[in-house]
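Residue numbers (the numbering used here): 5 to 222. All C-beta atoms, glycine included, are put in the ideal place defined by N, C-alpha and C. Predicted, not measured: the structure shown is a model, and the values here were computed from it.
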Amino acid sequence: MQTFKIGDTTATHLEEFTQLIEDLLSLGQTVYQQIHLVGEDICQEVMRATQGSARLLLPYQNSSAEQPVPFTISVSFPVQFRSRNYGRLDIAPDPQRPGSPALPLSVAQLLAHTCGSLLYSLELTAFIEGQCQRLDSQIPLNLTKREREVLELICRGNDQSAIAEQLHIAPATVDTHRKRICEKLGVHSERDIPLAAYRAGLFSILDESVTVINALPT
């Protein structure tokens, strides 16, 4: 990972900040399976890559009795994403201009947002993976076209009445399809259907290529 040249305002300097963002995202992809180490790794990389100009502070990540390294703060930004708060990003004063932060405010804000987004993504990934682990490992049986349509709507948060309305079928028919989907996915609870479908690669929230909103009555 590159380090920044403090005080450099050239285009190269901006490219190095961009490189930091890319490196943080790459770091997340590398260590997401060891979620308990992610916070410490990201904190170390932020400190190292900014040559000590920025410190990522995560309150839950202190398991030692060692005294923290002194760090003079010029300005701080919350590290958060949506409703989740993870800590804060402290920026040191500029050695040449003590009244100003060592990093441009826009860059510091972007760095704080990126750290929050990354921590949220890693936390959510670890949570979903943990939930999937409790499901029985089973190769799902083939679903019919209608079952796939019902499955998609279930995974997108629709209840039985909404599914029936969108597919122009009776609620009782939806219930029959849901039971068959549970059997084919090897789950015993309706709430496990999205997890099992995600784990089996049958559904992605990012995939908008399949839609059943305009399904014709059958």
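If you count every other CB in all the chains shown that lies within 10 Å of the CB of residue i, and 16 or more means buried, which is it?
i: S193; result: exposed
i: I248; result: Outside the displayed range of the chain (5 to 222) lies residue 248, so it cannot be described from this structure.
i: G205; result: exposed
Would you report the Cα separation of residue i and residue j, rounded to the nearest angstrom?
i: A69; j: H117; result: Note on A69: pLDDT 49, under 50, position unreliable in the model; the coordinate value appears next. Each residue's Cα considered, the two are about 29 Å apart.
i: E156; j: A166; result: 12 Å
i: L139; j: A200; result: 7 Å
i: S80; j: R92; result: 7 Å
i: C119; j: P144; result: 37 Å
Which residue's Cα is closest to the Cα of residue i: the options?
i: P74; options: A176, N146, S57, A174; result: S57
i: I77; options: S104, V83, S87; result: S104
i: G232; options: R88, G43, N89, D196; result: In the structure as shown, the chain starts at 5 and stops at 222, and residue 232 therefore has no counterpart that could be examined.
i: A53; options: R86, P82, I95; result: I95
i: Q84; options: Q55, Q170, P175, E127; result: E127
In three-state terms, what does DSSP make of residue i?
i: R101; result: coil
i: A69; result: Residue confidence for A69 is low, a pLDDT of 49 falling below 50, so the modelled location carries little weight; the figure read from the coordinates is stated next. If DSSP states are grouped into helix, strand and coil, A69 belongs with coil.
i: A58; result: strand
i: G91; result: strand
i: S165; result: helix
i: F81; result: strand
i: S125; result: helix
State the CB to CB distance for the pair residue i and residue j, rounded to an integer number of angstroms; the pair is presumed to be in contact (CB under 8 Å).
i: F207; j: C159; result: 5 Å
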